[in-house]
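Engineer: Below is a structure I'd like to ask you about.
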Amino acid sequence: MDVLSWIDTETYLWAKHHSTVNTMLRTSPSASGEAKPHFGDRCDSDIQVVLETDSLDVYQNNRFVITQNPQGYLVSIFEHRHILRFVLSQLDTDGKSLAVDLSEYSFGDITTSQDLNNNFQCCASSESLSKARNFFKQRNVNYIVVRDD
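Here our numbering runs 2 ahead of the position in the sequence shown, where the first position is 1.
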């Protein structure tokens, strides 16, 4: 393409517009045979992993929170909005208070109150991102957990 641009700008622009070279390079298969890009190339790593029994006061302001049960199995995933919705629902429940003590509530309380159990699908980092559409078609799947191979 660079050589074409040196020879004739108009031909270069036409060839660039109709070329599929960049698309082929972006979607070329990996060693495992999965088309690129992969989940591992695009995943967000701003997560905090907590036990569902941990109190909310250990929250570190990460974008995502992954809760696990004591055996280490994933339970749910949620974001700031879920935490805020839960805290707001606890305000003024007795008609007298405007504050919430986060140490009195656990991450499991958020999961239970908003029915967030198993709201994710797991996949390998080498799997093709093209599978995301099928994952999100499943009932109650809002997040994809990308695991290292």
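Just so you know, even glycine gets a beta-carbon here, dropped at the ideal spot from N, CA and C.
Can you give me the C-alpha to C-alpha distance between Trp16 and Ser115, rounded to a whole angstrom?
Structural biologist: Spanning the two alpha carbons is a distance of roughly 57 Å.
Engineer: Any idea which residues DSSP pairs Ser21 with across the strands?
Structural biologist: Answer is none; Ser21 lacks a bridge partner.
Engineer: Asp43 to Leu131, Cα distance in whole Å?
Structural biologist: Spanning the two alpha carbons is a distance of roughly 9 Å.
Engineer: Pairs of beta-carbons, one from the stretch 99–109 and one from the stretch 54–64, closer than 8 Å: are there three or more?
Structural biologist: Flag = yes, the stretch 99–109 and the stretch 54–64 touch.
Engineer: For Thr69, does the three-state DSSP call read helix, strand or coil?
Structural biologist: Looking at Thr69 - three-state DSSP - the assignment turns out to be strand.
Engineer: Note down, in chain order, each residue of its chain lying with its Cβ closer than 8 Å to the Cβ of Glu81, except the 5 sequence neighbours on either side.
Structural biologist: Correct list, in chain order: Arg65, Phe66, Val67.
Engineer: So for Ala126, helix, strand or coil by DSSP?
Structural biologist: Looking at Ala126 - three-state DSSP - the assignment turns out to be strand.
Engineer: Output needed for Met3: all residues of its chain with C-beta closer than 8 Å, excluding positions within five of it in sequence on either side, in chain order.
Structural biologist: These residues qualify, in order along the chain: Tyr14, Ala17, Lys18, Ser21, Val23.
Engineer: If we call anything under 7 Å between Cβ atoms a contact, is Leu53 one with Gln73?
Structural biologist: The answer is no: Cβ separation not under 7 Å.
Engineer: Does DSSP classify Gln50 as helix, strand or coil?
Structural biologist: In the structure shown, Gln50 sits in a strand (DSSP, three-state: E or B).
Engineer: Roughly how far, in whole angstroms, is the beta-carbon of His84 from the beta-carbon of Ile112, given that I think they are within contact range, below 8 Å?
Structural biologist: With 8 Å as the limit, His84 and Ile112 qualify as a contact, their Cβ atoms being about 6 Å apart.
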